[in-house]
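Report on the structure given below.
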């Protein structure tokens, strides 16, 4: 069995999933012949009288709902059934809502998906994930400081304070903590203090307001850094006028992290799952503004994914849980 350090290295490098899983050829938004689902009520709607969509934390609830409202309306118009948005207070809230059967579908980070899959004993299923501008299935965690802080790199962060975004966030906590430990940096002793800001946007705001010296969030790692990259939390804040990237400095970025999926309850009809795959695959080409709204920026579109794409992340979560149990 690979060691924890080996698994972290493989995960960070975006390596292929474990060979025990056979994967179908993924379908992509850029494939020829991708078509948007024809409007009309489906047979599966009898099993889903209201389609409930979980919306993760990371920015304030008003902005989250406004950004996702066109997406909600398009689902409603396309499939002829009521669609409701359910904003969660934090990333774990989406997993809890899945476990309680209160939502049918949500966009999730890789670590949140893995933890929820474990907690629900395979009760959720990955449908699609976003591709970067170069077609890669990944993004990066970044650590940012104020531009006037005098901190230029990780070495300058020794004895300084760090804000994680959310304990269930891949890029805002799970991946950077694992990467730092793999590099020989133990966050609990290297930094003067660490804490959870309550979301990605909040972590950046905490840095800007000097509540923490640095914060972790996510970005595509591609595109113009001065614009907050092509997509991600920084890009959203720039677009909303909340952030001028000249006020921040990126002092560290992770290796590529597997992009989290849009997932649904595993017990839903197969017809629903296929309609949702078609909806998302065609979305960047047919409704670009809505795609950019839910993806917090641009990219080449979506790719179909399966649980096998997240097998290594699941194993890391299982090892982390086992380690916590041993410490008790």
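Numbering (the working numbering), first residue to last: 1 to 328.
Every residue, glycine too, gets a C-beta built ideally from N, C-alpha and C.
CA-CA distance, residue i and residue j?
i, j, result
"residue 324", "residue 249", "34 Å"
"residue 191", "residue 212", "11 Å"
"residue 198", "residue 53", "21 Å"
"residue 238", "residue 43", "42 Å"
"residue 313", "residue 130", "17 Å"
"residue 184", "residue 28", "38 Å"
"residue 214", "residue 163", "6 Å"
"residue 206", "residue 148", "15 Å"
"residue 277", "residue 160", "44 Å"
"residue 230", "residue 143", "17 Å"
"residue 171", "residue 203", "12 Å"
"residue 318", "residue 261", "19 Å"
"residue 267", "residue 101", "10 Å"
"residue 156", "residue 217", "19 Å"
"residue 65", "residue 186", "37 Å"
"residue 255", "residue 178", "11 Å"
"residue 34", "residue 326", "49 Å"
With distances taken Cα to Cα, identify the nearest neighbour of residue i among the options.
i, options, result
"residue 350", "35, 133, 119", "The question about residue 350 has no answer, for the chain in this structure spans 1 to 328."
"residue 165", "200, 136, 104, 159", "200"
"residue 196", "173, 327, 63, 290", "173"
"residue 167", "75, 92, 153, 79", "92"
"residue 309", "263, 235, 236", "263"
"residue 220", "39, 147, 135, 244", "135"
"residue 151", "320, 252, 265", "252"
"residue 141", "127, 124, 169", "169"
"residue 293", "31, 70, 36", "70"
"residue 245", "225, 177, 217", "225"
"residue 48", "188, 321, 128, 270", "270"
"residue 51", "83, 307, 79", "83"
"residue 208", "286, 298, 146", "146"
"residue 122", "128, 95, 109", "95"
"residue 352", "315, 326, 301, 311", "Here the chain has residues from 1 to 328 only, and residue 352 is not among them."
"residue 240", "296, 289, 285, 217", "296"
Can you look up residue i in the DSSP assignment and give me helix, strand or coil?
i, result
"residue 35", "coil"
"residue 84", "strand"
"residue 75", "helix"
"residue 222", "coil"
"residue 139", "strand"
"residue 105", "strand"
"residue 294", "helix"
"residue 186", "coil"
"residue 243", "coil"
"residue 118", "helix"
"residue 261", "strand"
"residue 304", "strand"
"residue 231", "strand"
Kindly give me the distance between the Cβ atoms of residue i and residue j, rounded to whole angstroms, as I take these residues to be in contact under 8 Å.
i, j, result
"residue 232", "residue 139", "7 Å"
"residue 98", "residue 62", "Not quite, the Cβ-Cβ distance comes to about 24 Å (not below 8 Å), so this is no contact."
"residue 257", "residue 126", "With a Cβ gap of about 15 Å, residue 257 and residue 126 do not count as contacting."
"residue 88", "residue 55", "7 Å"
"residue 45", "residue 81", "5 Å"
"residue 275", "residue 37", "5 Å"
Can residue i be considered in contact with the ligand SAM, in the sense that its beta carbon sits closer than 8 Å to one or more heavy atoms?
i, result
"residue 305", "Ligands displayed in this structure: none; no statement on the ligand SAM is therefore possible."
Taking only beta-carbon atoms, is residue i less than 9 Å away from chain B?
i, result
"residue 184", "This model lacks chain B altogether; it includes just one protein chain."
Which whole runs of the beta strand (DSSP E) in the region 141–172 are 3 residues long or more, in chain order? 161–164
Please specify which runs of the beta strand (DSSP E), each continuous and at least 3 residues long, are wholly inside the region 189–216, giving them in chain order. 193–196
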